[in-house]
Amino acid sequence: SDLSEFNSLQENDTWSEVFELPKNEKVKKITTKWIFNIKFDGVKEIAKARLVARGFQDKTDYRTDEIYAPVANLTVIRWLISVAHKFKMQLWAIDVKTAFLYGELDHPLYLSIPQGLRTSPGTVALKLNRAIYGLKISSKKWFTKFTNVLVDIGFTNFVPDQCVFFRVDSHSSTFIVLYVDDCLIACTDPAHGELLVEHLTKIFKIRVMKKPKIFVGLEIESSPNSFWLSQRLYIEKLARRFDVFNCSPV
């Protein structure tokens, strides 16, 4: 999994090797660390490794709007699933792999060479071309990138909840809810929905789940006349974490 992370970093041209730091400015190199985790995708467990910057070492004086990125409320996610079921809309769940690496930086930041990375002889630091996980501005840069991609193909950002996007025309209606790097899509015309997913695949490296059974911890079960949402897996995870899974019910 750590090899997959390195491949993603290189494919996105995340950094450039620096052989001499700028002398006309005070440069503070940001260090990194590896985070390892096991993630359940609703079908199987996946071992994941992620290179994370120690963002607290970035002393840039950011404005609030430069670091704040909205996150969809679970109520909005439940609403979209309900609307999709009521109007017989097709659902897709999309997981954008290494999403924050798509965020583009507009000022220089430098990293110390991460553990395990092979660089050219004489390399003293890495200059970031894109955001990586752990930076203060990463989530905002990713949200801006995703928003721009959707706006370019005719979507409108819903003002009361900025994580909701919609596009309505004479052929179909499409709604999208973004939860960090997970995306739920509902479309009245399956063909138009497939075209949208195909377009996103050309821009981002994504994993697509058609008729998803789980989304951000919500388990989704449906029949022709009804649907059920639960968080059984999440509750079981908490119970195991706090060692109360085998306790007798009261």
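Per this note's numbering, the sequence shown starts with residue -8, numbered consecutively.
Quick reminder that beta carbons are idealized off the backbone N, C-alpha and C, glycines included.
Span of the alpha helix (DSSP H), counted from its first residue to its last, around residue i
i: S129; result: 129 to 143
i: D56; result: 55 to 58
i: T66; result: 65 to 77
i: Y225; result: 223 to 232
Under the three-state DSSP convention, the category residue i falls into
i: K20; result: coil
i: R198; result: strand
i: F156; result: strand
i: F149; result: coil
i: N120; result: coil
i: S239; result: coil
i: V188; result: helix
i: K193; result: helix
i: L126; result: coil
i: N216; result: coil
i: N3; result: coil
i: L100; result: coil
i: W169; result: Residue 169 is actually Leu in this sequence, not Trp. Three-state result, L169: strand.
i: L209; result: strand
Residue range of the unbroken beta strand (DSSP E) whose run includes residue i
i: L82; result: 81 to 87
i: E8; result: 6 to 9
i: K39; result: 36 to 44
i: S163; result: Premise fails: S163 is in no beta strand (DSSP E) and is neither H nor E.
i: I176; result: 173 to 178
Short Cβ contact (8 angstroms threshold) for residue i with residue j
i: S103; j: T23; result: yes
i: L229; j: L220; result: no
i: A116; j: L92; result: no
i: D152; j: A63; result: yes
i: R45; j: G94; result: no
i: A38; j: I29; result: yes
i: I72; j: I226; result: no
i: L187; j: T165; result: yes
i: Y170; j: I68; result: yes
i: V87; j: D180; result: no
i: C178; j: V168; result: no
i: A75; j: L82; result: yes
i: A90; j: M200; result: no
i: F10; j: T114; result: yes
i: F245; j: L175; result: No answer is possible for residue 245: it lies beyond the span of the chain, which begins at -8 and ends at 241.
i: S111; j: E8; result: yes
i: L108; j: K132; result: no
Stretch pair the segment 1 to 21 + the segment 94 to 109: three plus CB contacts closer than 8 angstroms: yes
The segment 198 to 217 contacting the segment 141 to 161, beta-carbon criterion three pairs below 8 angstroms: no
Contact the segment 50 to 59 vs the segment 128 to 138: 3+ CB pairs below 8 angstroms: yes
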